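Residue numbers (the working numbering), protein chains in the order written: chain U, 1 to 195; chain Z, 196 to 505; chain V, 506 to 1369.
C-beta: ideal position from N, C-alpha, C; glycine also.
Since this is a predicted model, take the numbers as computed values, not measurements.
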Amino acid sequence: MPKLPVLSDWPVLRQLRRRDPSGLGSTAASPRTRSLAPRTASADRVARSICPYCAVGCGQLVYVKDEKIVDIEGDPDSPVSQGCLCPKGAATFQLVTGAHRLEQVLYRRPGGTSWEAIPLEQAMEMVAQRVKKARDETWQERVEDEGAEHHGDQVRRTLGIAHLGGATLDNEENYLLKKLFTALGVVQVENQARI
Amino acid sequence: MQEMGFFTDTTLCIGCKACEVACKQWNQLPDDGFSLTGMSYDNTGALGASTWRHVAFVERTEPLPGQGSPRDGIEAGAGAFAELRPLGQPAPTSLLHDVAPTHLADVPAALGPSQQALGKFSWLMMSDVCKHCERAGCLEACPTGAILRTEFGSVYIQPDVCNGCGYCVSACPFGVVDRREDDGRAWKCTLCYDRLEGGMVPACAKACPTASIQFGPLEDLRERARTRVEQLRSRGVGGAHLYGESAQSQPGTEGLHAFFLLCDRPEVYGLPPDPVVPTAKIVASWRAMATGVLSLAALALGAVLSARRA
Amino acid sequence: MAECHPVAFRWVMEAKNRGATIIHVDPRFTRTSAVSDLHVPIRPGSDIAFLGGIIHHVLEHDLWFEEYVRAYTNASTIVDEGFRDTEDLEGFFSGFDAESNTYSWETWKYQGVDGVVPAAGHKLVYGEEGAGRGDLRGTKMLERETDPTLRHPRCVFQLLRRHFARYTPEMVEETCGIPKALFLKVAETLGRNSGRERTGAFCYAVGWTQHTVGVQYIRTAAILQLLLGNIGRPGGGIMALRGHASIQGSTDIPTLFDILPGYLPMPHASLPDRGLDQYVNNNASATHWWSEFRKYVVSLCKAWFGTAATPENDFLFDLLPRLTGNHSHMVTVSEMADGKLKGYFVMGENPTVGSMHGALHRKGLRALDWLVVRDFTLTETAEFWRTAPEIARGEVRTEEIRTEVFFFPAATHTEKDGSFTNTQRMLQWHHRAVEPRGDCRSELHFTYHLGKRLKALYAGSTDPKDRAIQALTWDYPTRGPQEDPDAEAVLREVNGFTVADGRPVPGFAELKDDGSTACGCWIYSGCFRDGVNQTARRRPEREQHWVAPDWGWAWPANRRILYNRTSADPEGRPWSERKRYVWWDEEQRQWTGYDVPDFVKDRPPSYRPPPGARGTAAISGDDAFIMQADGKGWLFAPSGLLDGPFPTHYEPEESVLENPLYPQQCNPARMEWHRRDNPYHAAWGDPRFPFVLTTYRLTEHHTAGGMSRWLSWLSELQPEMFCEVSRELAAERGLRNGGWATITTARGEIECRVLVTDRMRPLRVKGGRTVHTIGLPYHWSFVGRVTGDPANELIGFVADPNVSIQESKAFTGDIRSGRHARGRRSVTDGVALREPEPRIHAPRDLPGLHAKKRSPPVEPPEPR
């Protein structure tokens, strides 16, 4: 049998009991309002992170619920930022969850007028093949140009491949990039340090 | 529960707009359009249904003492952040003791013309927000009970109750409350009611890098603000004053729960100089009406009596 | 600083509230100026004149910190008698070769020292006289001549005084447009704020570096800070505010052409014998810390080549590729445009917007066989073949572009573990919060799996050229179905370990040169000390003292202030109670303090090396700068810089002014690209381009926009490209606030909205001339949530010789009211290519050691 509204729910009594005679305070609260809580309170976990924008290195707290990020804000423990973020740092949530992010590998063939989606594995293999081909074709054991300043010097490298980027990446990523490219003989490895 | 509020100290604002974005992020608000206003660095324009913090930029051809010009000595240890973060966030560890201030060297020779001209310029920035008035027009105007005063003293619109009638929009003397085009409901700053329930600081105040937006118990904020005004005045910022910190200073709203420290007249920042909550006139009009009714009654009674006498 | 690093500016505001004076020097009145005590408007490109003026003032009024300068700098060292200053040679130093536009260091060396003085992190040692002969350099460093009275005419102090003699307040006013009284206010304020009780700090960003004399800007500040005793002490320093999260890290562990991890130079081809010994001798120093050099390169080879690297095969050092010159970004792109490259990887960077001369970049991309772009979304660099302006204008047809393009979606920092090295040299670990969706992967994943595939492709090869990739150690544990490599395993390798048992080494002091240790980056050694990821430490700041050593990990050795030996006086006592930081503890017989001492831990202040001492035994008790071969802070740089031992004011490549200080107009050693698709304006006074242009960033956006222009919350705050001009310039050119303008250089033309503002000021310079500056943010381009013309289309290829950085903070151009760029043709593809050589060849100032004063162009320019 459904519970009938009891007399104590009668607004006038509630107003009197809660000392809210005008009825503009808690008496007016809806069930939703009465149960308000920050969405971070129900997060499954909090990952500690660092802002990806400028180099100040503000601490970030990344709140995760059901394997989805629900909030990113400043880490008050950080001696760098004490919980603050600038507008870019505060927009990190949109950076990582926004609809602008693509989730598919895209390929544009020579002379093509549009992108085509291709599987990741296939793309990786295509790139590996191209690196090998370009490297083998442009390998320089010695400087062969007659008249070049370093004619005859051993160089063991390729000038046919170059890399750009790193200031937005992790140290571990830069380390593997430099290690791999140097072993391949790629010397034209550069990043945003010069812009 | 203690009354909480914002004290926005415009002299500490660097116009970074972290407050605007942190607010949008926490409250998941949509954008407001993408057009250049040509009004200095302000492309937000005004508070609205999906913009609950708005940083105003004012380029003035008047100097501001303390900005781009020499200022007097400052007392030791007046840390900007020392008293902040009432909800358990740390203040920076004191770096050095007995700090003696540095001064700009005194060079008597006159500055050249271009620098003189530059001295006659200042750039004011202010992060505007819902004032959470002590006497809130929106609250009193709402016919559905959608707006309530929370236990923190803030004014909160319940989106599940609001029916979009819009009475609150015209009842706000600051033009803060706004209806969203898509759902018609009224929206404004909630003072992060949900965060407060969880013991957290509002998103804008937490993000603010320079403590221009300070959040805390209202009484503490008022105390701090008055000290700050005295401090600024002693440094030559004669125009420093508080806006809406008490019922005395702003009777039309009976004081604001989000008040400001300004260095110029309120209208320079886009704030009304003497805001009056429209419903404040209701009592007066009831009284006037009652007086009128009573006078009429008295007249009628007098007429009857005099008629009898006659 | 408030504009681009608002949270770092929190601490400036804190300092201000504690009594610090904040001075902001900038061509524009910015958000930083708005809260500073003093804003000093300056003509872009004239900072060496300004800082040189302060040096002059400090020297002439004896405001320098005498005890500090005498003990910790090379002020008393006597310089070679062959040295000639710019005072003697009309703006050149001795040693300039007009053929190659390069300097030799031979005459810059110290008197009595054999060969060129080795410099820390010296990158171009192969070019030196005396290098490559196999002899260890600096063996006679302890025998260098000095004059403790600082009176010898060739001692560094007197040379410095003479060099800056002409940097008077009047000269500053004429050159920088800063009124004399305002300049003196700055010089006095700074100069008087020095000594035992006081320190001052400089903060700078790319406004100082992006010039053809960028490195010398920083050098000028370094000289000033050494004179004032502001290096190595709390509240002192020169702080580089860097723009990307790990731009410091990507220099330490370099994705840069000229160095190996830890600032070890890339080996060069020109050495007669390229063996390991030769390389070590050319880069090590006989004295002080770089005497340890061999340990670091051997440990790196062990980390990379593992068991294949043995003492017998020189640890496979010979397998590393060799440089033959400059292979930096603009050199590569220039060669790309000439069709010399086949493949290009671009990861998390958007060079067609962020780098100079976007049209030339796109021309390069069109000439590739294949391009790989890894980013969050399709940037202008990924889309060059379909949305570029030359495609829209019909100059280039998409169908004719043969480049294959691969776009790989990248994982964000919340989707991967890893460390950033932030601007304060602090490594901070970020933890994975969620798994990346779809095909999104980290660069760690991409690089690791690309390496695996390439190792497989080369596995059966017997070609000696493939030996390095075959020998490369590439076994990192992976996790999950995506086979994500373990970032901590990579960091362990970076930290270094004992080869025998794989245990992490505690720090670089434990590295060996016999192959018993491996270490991926010696300066990061210690970041995995005790098997603990030190970069992930997060002890709340309120639970530790103010230096906060238990948050993250700073290289080297978790040291937060470099050269902190100078925070104590020569006897090892704090300069003052207030400025106490690191000091000698006589009872414990060791250095101690709030920070990790930057010195030999148990070496007393009174220690003096015996004659003939080598290595770290040569470090005297007051040699605070242990990385330098003489242990001193360098007021005069005897080597290491390609454009002079002292900073000298040169005008930018393109200027509105003739150099007011010297007959030589520009940095004579700068890099230029003489190509038809990279035209330059006249060196000064080009009537076609009468205004100064400068570029910068806004708080609301991030560099080339890849991380901001697609976000509505940021884009709505600064939705459109604009320029900022003064009321005076607006009146002169009929520009209206909110209206449109067209801005032109010889490279390109852009349209943008106009902000007319009092924050921009015309400046008065030499001869009462008025200089107008046009401000240009550079965030926008052709795709994204908000679009606009990119400022960098206007800027040409020209660079500082030391670090190959471009000059985007001071160049010339023109502005007109309205939108006129329709029908424009880019210099790379348009009609310009079919036109004959321009009739006027802009007068340059090169070559010539004995260059005479040149006059501005005599021939009238062709009307545009």
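Tell me which same chain residues have a C-beta within less than 8 Å of the C-beta of residue i, skipping the five on either side of it?
i       : result
R255/Z  : F316, S317, W318, L319, D459 and V463
N1063/V : G1031, Q1039, P1054 and V1101
L665/V  : I560, L564, A580, I728, L1140, F1141 and F1151
G600/V  : Y608, S609, W610, E611, T612 and W613
R39/U   : Y63, K65, V70 and D71
Taking all protein chains shown into account, decide if residue i is buried (16 or more other Cβ within 10 angstroms of its Cβ) or exposed.
i       : result
G359/Z  : exposed
S924/V  : buried
T1208/V : buried
W713/V  : buried
P986/V  : exposed
G965/V  : exposed
A336/Z  : buried
H327/Z  : buried
I1248/V : buried
M484/Z  : exposed
Q192/U  : buried
Quick check: is any heavy atom of the ligand NAD less than 7 Å from the C-beta of residue i?
i      : result
E586/V : Here there are no bound small molecules, and the ligand NAD is not part of this structure.
Roughly how many angstroms separate the alpha carbons of residue i and residue j, rounded to a whole number?
i       : j       : result
L996/V  : E675/V  : 54 Å
P1343/V : K957/V  : Residue placement at P1343/V is flagged as unreliable, the pLDDT there being 42, under the threshold of 50; the coordinate-derived value follows with that caveat. Cα-Cα distance, rounded: 52 Å.
S289/Z  : G737/V  : Since pLDDT at S289/Z reaches only 33, below the 50 mark, its modelled position is unreliable, and the value read off the structure follows with that caveat. The alpha-carbon atoms of S289/Z and G737/V are separated by roughly 20 Å.
S1231/V : S1309/V : 32 Å
V250/Z  : G200/Z  : 18 Å
L1372/V : F810/V  : The question about residue 1372/V has no answer here: the residues shown for chain V are numbered 506 through 1369.
V432/Z  : L259/Z  : 7 Å
G240/Z  : Y362/Z  : 23 Å
I1131/V : I752/V  : 25 Å
P739/V  : V1087/V : 10 Å
With DSSP as the reference, please indicate the residues paired to residue i in a beta bridge.
i       : result
Y615/V  : V584/V
T917/V  : Per DSSP, none; premise fails for T917/V.
P354/Z  : Note: P354/Z sits in no beta bridge, so no partner.
H436/Z  : L457/Z
D373/Z  : W382/Z
R1238/V : Its beta-bridge partners do not exist; DSSP assigns none.
R1078/V : Answer is none; R1078/V lacks a bridge partner.
R533/V  : M1265/V
Report the residue from the options whose alpha carbon sits nearest the alpha carbon of residue i.
i       : options                              : result
T882/V  : R156/U, A99/U, P119/U and A37/U      : A99/U
K68/U   : A29/U, A134/U, K179/U and S42/U      : S42/U
K868/V  : M841/V, M1265/V, V858/V and E1048/V  : M841/V
S81/U   : T206/Z, T405/Z, R375/Z and D373/Z    : T405/Z
C681/V  : L824/V, T651/V and D552/V            : D552/V
A1129/V : F514/V, P1195/V, T1200/V and I1066/V : I1066/V
T1333/V : V512/V, P684/V, D1182/V and F1002/V  : D1182/V
P1282/V : L500/Z, L334/Z, R380/Z and Y236/Z    : Y236/Z
Which same chain residues end up closer than 7 Å to residue i when comparing Cβ atoms and leaving out the 5 residues on each side of it in sequence?
i       : result
V939/V  : T919 and E920
R1238/V : I1320, R1321 and S1322
P338/Z  : C360 and Y362
If we cut at 8 Å on Cβ distances, does residue i have a partner in chain A?
i      : result
I209/Z : Any reference to chain A falls outside this structure, whose protein chains are U, Z and V.
For residue i, collect the residues of the same chain with a Cβ closer than 6 Å to its Cβ; drop the 5 residues on either side in sequence, then sort them by chain order.
i       : result
F1104/V : R1070 and W1096
A273/Z  : Low confidence applies here, because A273/Z scores a pLDDT of 32, under 50, leaving its location unreliable and the question unanswered by this model.
G550/V  : P1157 and A1315
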